[in-house]
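Peer 1: Numbering (this note's numbering), first residue to last: 3 to 209.
No residue lacks a Cβ here, since even glycine has one placed at the ideal position from N, Cα and C.
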């Protein structure tokens with residue numbers, strides 16, 4: 003589990019895709035990321051959120067870690083679009099005795115959105131993000147959403163888009179500060195909303 007509070011801006015060292023006819027997003031890949039802070043106490047099998055995607059540490063290097071990325075992750079996230087040198091938001095799994103500074107984040111991406119617009123304010127940016135319409139029911143004004151691993155508060159909601167405001171810390175300490183219109187972002191809606199829907203559906207309240 004994560005909190006959506008980014009600990010470090012990492013750098014993609016390599017993204018090695020499976021070769022042959024099964025290559026592309028129908029195959030797996032291995033990603034190596036440089037992140038001295040998140041690897042400082044990492045062990046094999048640990049979970050690290052990379053751009054909002056929960057990945058398992060499969061190998062450790064000098065300030066780097068390598069993870070296997072399954073076809074499902076490549077299909078449903080923007081990880082497959084990354085190139086060496088790209089910056090990525092990194093967060094270690096939250097400790098049981100740590101503060102929950104953001105909200106409950108699983109690292110299981112629900113879909114890929116795109117930046118529709120961004121309007122700079124005096125010290126912040128207002129950003130509108132296009133989302134898959136099937137996610138709209140889980141997004142509420144003043145609720146929480148995760149964008150590429152960053153816990154944010156929703157400011158406005160439409161049928162296929164929502165807005166957020168990025169404070170100076172978010173602009174400086176995450177990849178969101180450099181996003182341009184059209185850029186893809188990983189979206190994870192509040193997991194609590196999904197569990198509530200599932201419970202009500204199985205109980206016959208929702209159909």
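1. What alpha helix (DSSP H) runs, 4 residues minimum, are completely inside the region 137-191?
2. By the DSSP assignment, the beta strand (DSSP E) with residue 13 in it spans what residues?
3. Since residue 104 and residue 153 should fall inside the 8 Å C-beta cutoff, what is the C-beta to C-beta distance between them, to a whole number of angstroms?
4. Considering only residues of the same chain and omitting the five flanking positions on each side of residue 169, which have a CB-CB separation below 7 Å?
5. Please report the straight-line C-alpha distance between residue 2 and residue 52, rounded to a whole angstrom.
6. Taking the CB atoms as reference points, tell me whether residue 151 and residue 54 lie closer together than 8 Å.
7. By alpha-carbon positions, which one of 130, 38, 18 ends up nearest to residue 71?
8. DSSP three-state label for residue 82, please.
9. Which residues mark the beginning and the end of the alpha helix (DSSP H) in which residue 204 is found?
10. Ends of the beta strand (DSSP E) at residue 42?
11. What residues are listed by DSSP as bridge partners for residue 113?
12. When the Cα atoms are used, what is the spatial distance from residue 146 to residue 115?
Peer 2: In brief:
1. 170-175
2. In this chain, the beta strand (DSSP E) harbouring residue 13 covers 10-19.
3. 3 Å
4. Answer for residue 169: 126, listed in chain order.
5. Because the chain in this structure spans residues 3 to 209, residue 2 falls outside the shown range and cannot be described.
6. yes
7. Taking only the C-alpha atoms, the option nearest residue 71 is 18.
8. Note: residue 82 maps to helix in three-state DSSP.
9. 193-204
10. From DSSP, residue 42 is part of no beta strand (DSSP E); its letter is neither H nor E.
11. 189
12. Distance from the CA atom of residue 146 to the CA atom of residue 115, rounded to whole angstroms, is 16 Å.
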